[in-house]
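What follows is a single structure, written as structure tokens, with notes after it.
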Amino acid sequence: MITQATNGRPILLRRLDSGDLEKLLDFLHHLSADTQKRFGPHSFDRQSVIDFYENPQKHWAIVAEDLESGAIVAYFVIKTGYLEHDSPRLLSYGLTLDAQTDCTFAPAVADDWQSLGLGNRLWEFALTELKRKGLRRVILWGGVQSDNERAVNFYRKNGFRWLGRFEYNGWNDDMILTIW
4 MITQATNGRP
14 ILLRRLDSGD
24 LEKLLDFLHH
34 LSADTQKRFG
44 PHSFDRQSVI
54 DFYENPQKHW
64 AIVAEDLESG
74 AIVAYFVIKT
84 GYLEHDSPRL
94 LSYGLTLDAQ
104 TDCTFAPAVA
114 DDWQSLGLGN
124 RLWEFALTEL
134 KRKGLRRVIL
144 WGGVQSDNER
154 AVNFYRKNGF
164 RWLGRFEYNG
174 WNDDMILTIW
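Adding 3 to a residue's 1-based position in the sequence shown gives its number in this note's numbering.
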């Protein structure tokens with residue numbers, strides 16, 4: 004799907020594919036230190052990324068590609084199911100977890116592309132993909148860092164509800180969205 008960022012640049016929203024490794028590594032390596040520390044699904048080295056996507060039924064991603072440069076400018080990771088190590092905490096909120104209809108979500112937007120409406124456009128595209136796959140609920144990957152106001156506001160604006168707070172390298176908020 005082609006859309007436009009608020010800076011006027013044309014953007015292609017699509018699934019990450021096997022030919023995107025170099026573009027993805029370039030995207031990851033150009034994130035600021037602050038943005039990198041807020042992203043946790045995988046390390047940024049080549050082998051870690053290859054290993055992470057070894058099973059496309061388990062992990063997949065959606066990207067926004069700048070059509071003028073060909074660069075990936077946003078990257079949304081989705082894991083079908085939930086993180087096992089998070090399950091005791093999630094269960095403590097009274098959730099009933101479902102590995103078939105829950106998914107875990109972690110977004111990253113290139114620093115120069117933040118606040119240009121890209122996250123919202125890619126999120127709308129992601130929701131369509133999640134529904135198409137029969138996924139019903141979105142859990143944030145390891146929560147969101149409580150001091151990441153931009154991300155917390157994005158989630159609230161898009162209907163995520165707060166479940167609770169936990170400490171891991173600082174305070175983090177668990178948030179969840181029921182799609183349907």
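For every residue, glycine included, the Cβ atom is placed at its ideal position computed from N, Cα and C.
Within 8 Å, strictly: CB atoms of residue i and residue j
| i | j | result |
| --- | --- | --- |
| Asn-175 | Val-147 | yes |
| Asn-10 | Leu-119 | yes |
| Ile-14 | Leu-121 | yes |
| Ala-111 | Phe-42 | yes |
| Leu-27 | Ile-65 | no |
| Trp-144 | Leu-86 | yes |
| Ser-35 | Asp-114 | yes |
| Tyr-96 | Asp-177 | yes |
| Trp-183 | Arg-135 | no |
| Arg-92 | Phe-169 | yes |
| Val-52 | Leu-24 | yes |
| Glu-1 | Arg-12 | Given a span of 4 to 183 for the chain in the structure shown, any question on residue 1 remains unanswerable. |
Residue of the options minimising C-alpha distance to residue i
| i | options | result |
| --- | --- | --- |
| His-62 | Gly-167, Leu-24 and Gly-84 | Gly-84 |
| His-33 | Trp-116, Gln-50 and Asp-150 | Trp-116 |
| Gly-173 | Asp-150, Ile-53 and Asn-123 | Asp-150 |
| Gly-73 | Ser-21, Phe-30 and Arg-159 | Phe-30 |
| Phe-128 | Asn-161, Asp-101 and Ile-142 | Asn-161 |
| Asp-89 | Ile-142, Ile-53, Arg-18 and Thr-131 | Ile-142 |
| Leu-159 | Pro-59, Asn-123 and Ala-8 | The question names Leu, but residue 159 is Arg in the sequence shown. Among Pro-59, Asn-123 and Ala-8, the Cα nearest to that of Arg-159 is on Asn-123. |
| Leu-19 | Leu-98, Glu-132 and Gln-39 | Glu-132 |
| Ala-102 | Leu-130, Gly-137 and Ser-21 | Gly-137 |
| Asp-54 | Ala-8, Gly-167, Ser-21 and Lys-40 | Ser-21 |
| Leu-98 | Ala-8, Gln-7, Tyr-171 and Leu-166 | Leu-166 |
Delimiting residues of the alpha helix (DSSP H) encompassing residue i
| i | result |
| --- | --- |
| His-62 | Premise fails: His-62 lies in the beta strand (DSSP E), 62-69, not in any alpha helix (DSSP H). |
| Leu-31 | 24-32 |
| Asp-54 | 49-55 |
| Asp-20 | Asp-20 -> no alpha helix (DSSP H), and no H or E assigned at all. |
| Asp-176 | Counting along the chain, Asp-176 falls outside any alpha helix (DSSP H), though it belongs to the beta strand (DSSP E) covering 174-181. |
| Asp-89 | Run containing Asp-89: none; DSSP gives neither H nor E here. |
Segment limits, beta strand (DSSP E) that includes residue i
| i | result |
| --- | --- |
| Lys-82 | 75-83 |
| Thr-99 | Thr-99 -> no beta strand (DSSP E), and no H or E assigned at all. |
| Thr-6 | 5-7 |
Neighbour flag for residue i against chain D, beta carbons, 8 Å
| i | result |
| --- | --- |
| Arg-41 | Absent from the structure: chain D. Only one protein chain is present. |
heavy atom of the ligand FMN below 7 Å from residue i C-beta
| i | result |
| --- | --- |
| Tyr-85 | The ligand FMN is not part of this structure, which contains no ligands at all. |
If we count Cβ pairs, one from each stretch, closer than 8 Å, do we get three or more for the region 94-112 versus the region 63-83? Because the criterion of three Cβ pairs below 8 Å is met, the region 94-112 and the region 63-83 touch.
May I have a chain-ordered list of the alpha helix (DSSP H) segments no shorter than 4 residues that lie completely inside the region 101-168? Taken in chain order, the complete alpha helix (DSSP H) segments of 4 or more residues contained in the region 101-168 are 121-135 and 152-160.
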